[in-house]
Structures are given as C-alpha cells and as structure tokens.
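If you're matching positions, the sequence shown starts at 80 in the working numbering and goes up one per residue.
Reading through the structure tokens given below for one structure.
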Amino acid sequence: MDAQQMEAPVVSQPETNPSLWERLKASTRSAHEGLDSRIMQGKPFAGRENYGRFLLVQHDFHAIVSGLYNDPALAERLLPDLAERDRLALLKQDIRDLGLDVPGEASSVRPADALESIGWLYVAEGSNLGAAFLLKAAAELGLNETFGARHLAGAPEGRGRHWKTFTAALDALGLSPDEEQRIVSGANAAFNTVRSFVEARFFEGARAA
Ligand code: HEM
Numbered sequence: 080m081d082a083q084q085m086e087a088p089v090v091s092q093p094e095t096n097p098s099l100w101e102r103l104k105a106s107t108r109s110a111h112e113g114l115d116s117r118i119m120q121g122k123p124f125a126g127r128e129n130y131g132r133f134l135l136v137q138h139d140f141h142a143i144v145s146g147l148y149n150d151p152a153l154a155e156r157l158l159p160d161l162a163e164r165d166r167l168a169l170l171k172q173d174i175r176d177l178g179l180d181v182p183g184e185a186s187s188v189r190p191a192d193a194l195e196s197i198g199w200l201y202v203a204e205g206s207n208l209g210a211a212f213l214l215k216a217a218a219e220l221g222l223n224e225t226f227g228a229r230h231l232a233g234a235p236e237g238r239g240r241h242w243k244t245f246t247a248a249l250d251a252l253g254l255s256p257d258e259e260q261r262i263v264s265g266a267n268a269a270f271n272t273v274r275s276f277v278e279a280r281f282f283e284g285a286r287a288a
C-alpha cells in the first residue's frame, strides 16, 4: 500500500453547533465558579447561623424566580410543569425550621422579558442539580429533606431526570442566535444578582431588606 492509498479520506467535519443548554453552561461557567467559591468563603456549613445566611441568599433569589415559575405564558412556552418546580415555599419552611423570620424581598431586580426570564430559570433549575452536594453538607448540621434543607431535596423522579426534562425543553425552543444570546444574558444577570445577595448576607452584615 503506498502513501497515497493510506491517506485518510477528506471528510468535511460539520461545525459542531452547541445546543442552547451547552452554550448556557459554557457561558456561565466562570460566573458559577465565582459564586460557588464566594459562597464557600462564607463557610455556609460551619454552623446553623451561617447556614441560615445561605438560606436567606437562596430566599432572596427564589423570591424573584418564583414569579417566573408561576407565569402561565412561560409554562406554555417552556414546560407544562413549570409551577411545580418552584421551591420558594420549601425555602420559607427551611427558614422557619431554623427559627428565623422569613424576610421581605431583598431586591426589585427582575428579568426584562420572557427570554431573559428563561435564563434566570436555567440558573434556578441548575442550582438544584448542584444541591445534591449541599444536601450532604447540610446533613452534618442535622438538617435534611424534612427539616431545614427541604429546598435542597431532589425531585421524586430523580435530579438527573428532572434536569434533563428542563434542558430538553430549552433545546427545543428553536430560537435565533440573537434570542439565545438574550437567554445567556439573563442567566449571567441571575448569577450576578445572586452574587450580590451573597455579598450582602455573608460579608456586609445585611439583615432583611
Ligand atoms: C457552594 C455552592 C455551590 C456549589 C458547591 C455548587 C456545585 C455545583 C455542581 C457540583 C454542579 C454540577 C452538578 C452535576 O453536574 O451533577 C452544579 C451545577 C449548577 N449549579 Fe451550582 N453550586 C453551588 C451554588 C450554586 C448556586 C447558588 C447557583 C444558582 C443560584 C448554582 C447554579 C448552578 C447551575 C445553573 C448548574 C447547572 C450547570 C449546567 O450543567 O448547565 N449553583 N453546581
């Protein structure tokens, strides 16, 4: 066999086109890592007092996204079971379990439109995927799915399956690149907003707003 025969046939590789979910994950990776490490600097599992601060951060965030989970137009566009994914009521119960008062809303920041809202929902849903790790840490404080860490529980169908349904719905939206970019912007805005809540609750001594 001569060199020419051995040469691999030239196959034109199609451009791999990342799905919306893959783009969201890649475009928010550094925001997630920054948030994750900043939360850990606050030592949320060093004791129940610190964990309480973490709950307040989560509440600040979920008080915003709860409105999106319960928006019928978003449910129609994205997922019929959207409202059932809202974890605000569980969070309020977690806060009460710890003997704390449920605060008022910390911020009037809201996504500008439906596309940005979908980016915010991506951040809220994804946070439940990472919550498996947080639930294990909360167990060290004597907290679990029925006391103090209810909002960190996985869905009955399993975290992975619950998440797959959501990302499949994202990928089925069939949007233009510009529209997808607005979802990415919404997701980054959500991460930045949560980051500001972490600063306020852990590092600036803020109480309720
Ligand atoms: C100390 C805090 C946190 C840790 C240690 C953490 C950890 C993780 C881990 C390990 C995953 C990947 C899970 C998997 O693939 O099975 C993940 C995913 C994710 N987390 Fe976090 N997380 C933290 C906080 C947060 C917060 C506060 C938010 C948002 C408010 C968030 C948003 C997300 C999102 C959107 C994903 C999904 C990424 C994707 O696959 O598209 N995380 N997290």
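Using N, Cα and C, we set each Cβ at its ideal position, and we do this for glycine too.
Practice task
Check whether the Cβ atoms of Arg-132 and Val-263 lie closer than 8 Å to each other.
Solution key: no
Practice task
Could you check how far apart the C-beta atoms of Arg-280 and Leu-135 are, in whole angstroms? I think they sit under 8 Å.
Solution key: 5 Å
Practice task
Report yes if the C-beta distance between Ala-110 and Trp-199 is below 8 Å; otherwise report no.
Solution key: no
Exercise for the section: Report buried or exposed for Gln-137, applying the criterion of at least 16 other Cβ atoms within 10 angstroms of its Cβ. Expected result: buried
Exercise for the section: Report the partner residues of Gly-227 according to the DSSP bridge assignment. Expected result: Asn-223
Problem - Per-residue DSSP class, three states only, for Gly-237 - result: coil
Handout entry: Length of the line joining the Cα atoms of Gly-253 and Ser-98
Key = 10 Å
Problem - Straight-line gap, Ala-191 to Asp-180 (C-alpha atoms, nearest Å) - result: 30 Å
Exercise for the section: Return the first residue and the last residue of the alpha helix (DSSP H) that Leu-179 is part of. Expected result: Segment: none, Leu-179 is in no alpha helix (DSSP H) and carries neither H nor E.
Practice task
Could you tell me whether the Cβ atoms of Ser-145 and Asp-165 are closer together than 8 Å?
Solution key: yes
Handout entry: Uninterrupted alpha helix (DSSP H) stretches inside the region 139-199 (no shorter than 4 residues)
Key = 151-156 and 167-176
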